[in-house]
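Enquirer: Pasting in a structure now, in structure tokens, and then I'll have a few things to ask.
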Amino acid sequence: MSAVQEYLRFFVTLTAVLDPFLAVPIFLTVTATQSVRSRVVLVRVVAITVFAVLAFSALLGDTLLTLVGASLAAFRVGGGLVLLLMALAMLNAQVGGVRQSEAEAAEIESGELKGVVPLAVPLLAGPGAISTTIIAAEKGGGNAAHLAAILGVLFLVSLLTWVVLRAANHIGNRLGTTGLNIATRLLGLLLAALAIQTMAEGLKELFPGLG
17 MSAVQEYLRF
27 FVTLTAVLDP
37 FLAVPIFLTV
47 TATQSVRSRV
57 VLVRVVAITV
67 FAVLAFSALL
77 GDTLLTLVGA
87 SLAAFRVGGG
97 LVLLLMALAM
107 LNAQVGGVRQ
117 SEAEAAEIES
127 GELKGVVPLA
137 VPLLAGPGAI
147 STTIIAAEKG
157 GGNAAHLAAI
167 LGVLFLVSLL
177 TWVVLRAANH
187 IGNRLGTTGL
197 NIATRLLGLL
207 LAALAIQTMA
217 EGLKELFPGL
227 G
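This is the structure:
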């Protein structure tokens, strides 16, 4: 697989993991009582936070793996499993426990949370997105050009997230619940395939005989 294909795969995977369409109804719930200006500011802060969290993960991924004593191959298997659990929830048009617990969902419904938490973290830049970023960054072995390309992809995905949330009202009105669920299910199907591929790559490294 060429470098361009690898970065394209990372972009598609990360977009499916973040799934900004899944965040639209939650964003509308969280900002229901806020002014238009407050929503614009919140969207900007959420997009910047998503980029910052994932960029931090990309730059310090090697350190994090060393601290927990995990190999990249093992992390791929674990990360792939997390992605698969997220994909299964998305296929049912649900947020899923990996993104958001029942207690966190209750806090949103009660109006206790109204900002970057839980929109940026953990709904968007959660365990799935962080593990995906670390796996992609570590493939370059610390190469500066590779890390720059990874940061470029992170910027594009964060920009896409900003665009979707900025147009949340319009998207919500046009697509409705059914349309948003269809988009989430399609991304879930794509993510399931990518998750299994990630797990397969990790298993081949852990058990060379499988190749």
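Numbering (my numbering), first residue to last: 17 to 227.
The beta carbon of each residue, even a glycine, is placed where N, CA and C say it ideally should be.
Rounded to the nearest angstrom, how far is the Cβ of Val-173 from that of Leu-24, given a contact under 8 Å?
Expert: So it is not a contact: roughly 12 Å between Cβ atoms.
Enquirer: Below 8 Å, can you find three or more Cβ-Cβ pairs linking the stretch 192-202 to the stretch 52-64?
Expert: Contact check between the stretch 192-202 and the stretch 52-64: fewer than three CB pairs, one atom from each, fall below 8 Å, which does not count as touching.
Enquirer: Count the other CB atoms within 10 Å of the CB of Gln-116; is the residue buried (16 or more) or exposed (fewer)?
Expert: When all chains shown are included, Gln-116 counts as buried.
Enquirer: How long is the line joining the alpha carbons of Ile-166 and Asn-108, rounded to whole angstroms?
Expert: Whole-angstrom Cα-Cα distance: 30 Å.
Enquirer: Taking only runs of the alpha helix (DSSP H) that begin and end inside the stretch 50-98, which ones reach a length of at least 4 residues, in chain order?
Expert: Entirely contained in the stretch 50-98, the alpha helix (DSSP H) runs reaching 4 residues are, in chain order, 52-75, 77-84.
Enquirer: Spell out a yes or no on whether the stretch 199-213 and the stretch 57-74 are touching, meaning 3 or more CB-CB pairs, one atom from each, closer than 8 Å.
Expert: Segments in contact, no.
Enquirer: Indicate whether Gly-218 and Phe-91 have their beta-carbon atoms separated by less than 9 Å.
Expert: yes
Enquirer: Let's test the definition: count the other Cβ atoms within 10 Å of the Cβ of Val-111 and tell me whether it reaches 16, buried, or not, exposed.
Expert: Buried, since its Cβ has 16 or more Cβ neighbours within 10 Å.
Enquirer: How many whole angstroms separate the CB atoms of Ala-121 and Val-69, which I take to be in contact at a CB cut-off of 8 Å?
Expert: Going by Cβ atoms, the distance from Ala-121 to Val-69 rounds to 21 Å, so no, they are not a contact pair.
Enquirer: Run through DSSP, which three-state label would Lys-220 get?
Expert: helix
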